[in-house]
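Following this note's numbering, the numbering of the first sequence begins with 122 at its first residue and continues without gaps. The C-beta atom is built at its ideal place from N, Cα and C for all residues, glycine as well. Here the structure is a predicted model, which is why all the values come from computation and not from measurement.
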Amino acid sequence: MDSDLYLYNTLSRKKEQFQPINPPFAGMYVCGPTVYGDPHLGHARPAITFDIVFRYLQHLGYKVRYVRNITDVGHLVADLDEGDDKIARKAQLEQLEPMEIAQYYADRYFIYMDALNVKRPSIEPRASGHMIEQILMVKQILDAGYAYEVNGSVYFDVEKYSKTHEYGKLSGRVLEDLISNTRSLEGQEEKRHPADFALWKKAQPEHIMRWPSPWSDGFPGWHLECSAMSTKYLGEYFDIHGGGMDLLFPHHESEIAQCQAAIGHESVKYWMHNNMITIQGQKMGKSLGNFITLDEFFTGKHASLEQAYSPMTIRFFILQAHYRSTLDFSNEALQAAEKGLKKLMTASETLNKLVPSEATAPDSGISELVNSIYSAMNDDFNSPIVMANLFEGVRMINSVADKKETISKADLALLKNIFNTFLFDILGLKNEKTNDQPELLDGLMQLVLAIRQKSRETKDWGTSDQIRDGLQKLHITVKDGKEGSSWNIE
RNA sequence: GGUUUCGUGGCCGAGUGGCUAGGCAGCGGUCUGCAAAACCGUCCACAGCGGUUCGACUCCGCUCGAAACCUCCA
122 MDSDLYLYNT LSRKKEQFQP INPPFAGMYV CGPTVYGDPH LGHARPAITF DIVFRYLQHL
182 GYKVRYVRNI TDVGHLVADL DEGDDKIARK AQLEQLEPME IAQYYADRYF IYMDALNVKR
242 PSIEPRASGH MIEQILMVKQ ILDAGYAYEV NGSVYFDVEK YSKTHEYGKL SGRVLEDLIS
302 NTRSLEGQEE KRHPADFALW KKAQPEHIMR WPSPWSDGFP GWHLECSAMS TKYLGEYFDI
362 HGGGMDLLFP HHESEIAQCQ AAIGHESVKY WMHNNMITIQ GQKMGKSLGN FITLDEFFTG
422 KHASLEQAYS PMTIRFFILQ AHYRSTLDFS NEALQAAEKG LKKLMTASET LNKLVPSEAT
482 APDSGISELV NSIYSAMNDD FNSPIVMANL FEGVRMINSV ADKKETISKA DLALLKNIFN
542 TFLFDILGLK NEKTNDQPEL LDGLMQLVLA IRQKSRETKD WGTSDQIRDG LQKLHITVKD
602 GKEGSSWNIE
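Here it is as structure tokens:
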């Protein structure tokens, strides 16, 4: 099963043809959220990026197993002296089990990702549910001689590993630089080498999340869960591993080392990384305190938001940039996205009402449109180009509706197919209008517009405008065309 | 300091060695009772300086500027 799909592999820093290991199956692992805070705009980017990858691979006919983890381990420290871990504080103050906090935010994550029309992955494993696998992997690495135990903690021996393997190949780092640049942090004295990282950490008394292990009551190292769970569900060698660029080092670098040490070979064929969302040129992130939660976007309740932005506006906004570029947030950009989305959705409604003619005139090249959309997707998931092409389709649709152009039956079917396939199925955008009683509303509107038409015929503009303005207040726009008036819910 | 990546018009954002990105906003026009929407036309670019080339926004070098990672973070 050969495909024309090319994707950018961070490991080689080149676009490579996608050739799955076991076609028609495709395995994909993406680093999911750490559930100790409300999901924000930054969470939406990888979720949507890899949602597109998931959807497109399925569209191409692959049987995709998409695994995205939930990190619910090791970040909840009850020590209130340092940091601003409000969740731990909350857990302690309200006498909550830490897992209650994790559950709460995991649920929140699902709700908001559903709102963004992000498909649920095939498997969403939790780190806390895979202690056995993680402990087993630590043992494997110890047995292989690439780890050592100190006081109940186990560390990965980066120095030894780097003698026979290239630690830093993914992020382009050199070990010597890592030595000289690593800060001396508390608790590092146990490590033989500053670049070593924890596979298992003995829990300090204040650490409230802990599990028994052969070495100590403690918790697994940050990088371990992904290696253990990807191996469990996707095997020792799988196709795609994705995540945010900020995870490149040390997280993914360490995953590579862990798998190499435990299994004896690398586990990932293609590494994909989405770029960050910035706010005034700076990364939007938890640590910087400049993030805006999805809930705040949807409700408009945040000081830097001029209005509320719907889930699909956010999705459109994100898809209008290529996933490997930074994307700068601003009200202006969001408002542009909102208008663009509306234009696209209105056109998709118009499309369903279009009447075909004998031929397409002028010959506007709808099949070329299809080709260039596929080329764009195949070129490392270039969603902005896909959208630009869809807007070309919008122009055609509106021109036909305006009777300035005509479209053949075959071309119309083709155009409908493109919109259904790409706009809705692959880009995953959807019409957000809600209408529970379409017949009732339609009947009412026909009546109201008939009355207005009468007033227009007698040039009673006062009544005519009163009706139109009144409807506008209810977010129903009336458009007067050559063949009577039409209406639209905003 | 090291690693990685950028610098495109009023805003957001694609792309290419010579030929239109696209969206939003602006301007002019068509349509309309007036609008709205739509369509047509149009203005505004490729950080700076060198080099390669018949030709560079696109390749190379330097300068300036910005970001991410090196510590939990999507």
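According to the DSSP assignment, S469 belongs to the alpha helix (DSSP H) that extends over 452-474.
DSSP, read as helix, strand or coil, puts W582 in helix. Here C347 really is in contact with N190; their C-beta atoms are around 6 angstroms apart, less than 8 angstroms.
Distance check between T192 and each of V174, Q224, L181 places Q224 closest, using alpha-carbon atoms only. Annotation for T542: H180 place their beta carbon closer than 8 angstroms to its own, counting only its chain and skipping 5 residues before and after.
For I400, the enclosing beta strand (DSSP E) begins and ends at 398-400. W343 is bridged by DSSP to nothing; it lacks a bridge partner.
When Cβ pairs closer than 8 angstroms are counted between the two stretches, the stretch 338-356 is seen to touch the stretch 147-155, the count reaching three or more.
Contact check for A227 and V156: beta-carbon distance about 4 angstroms, within the 8 angstroms limit, so the pair qualifies.
Y267 is the residue among Y267, G406, S469, L511 whose C-alpha sits nearest the C-alpha of R313.
In this structure, the CA atom of Q428 is about 24 angstroms from the CA atom of M508.
The closest CA to that of A316, considering only G342, G365, P371, P335, is found on P371.
The beta carbon of C380 is closer than 6 angstroms to those of S348, S388 in its chain, skipping five residues each way along the sequence. Under the three-state reduction of DSSP, K184 is assigned to strand. A distance below 8 angstroms separates the beta carbons of H394 and G365.
Contiguous beta strand (DSSP E) elements confined to the stretch 123-198 occur at 127-130, 135-138, 146-151, 184-189, taking only those with 3 or more residues. In the structure shown, the three-state DSSP call for R241 is coil.
The three-state secondary structure of Y288, taken from DSSP, is coil. V515 is positioned such that its CB atom lies closer than 8 angstroms to that of L465. Distance from G549 to N238 at the Cβ level is roughly 5 angstroms; contact confirmed, criterion being Cβ atoms closer than 8 angstroms. In the structure shown, the three-state DSSP call for G605 is strand.
Where E311 is concerned, there is no enclosing beta strand (DSSP E), because DSSP gives it neither an H nor an E. If the five residues before and after D125 are omitted, its C-beta is found closer than 7 angstroms to the C-beta atoms of N499, all from its own chain and listed in chain order.
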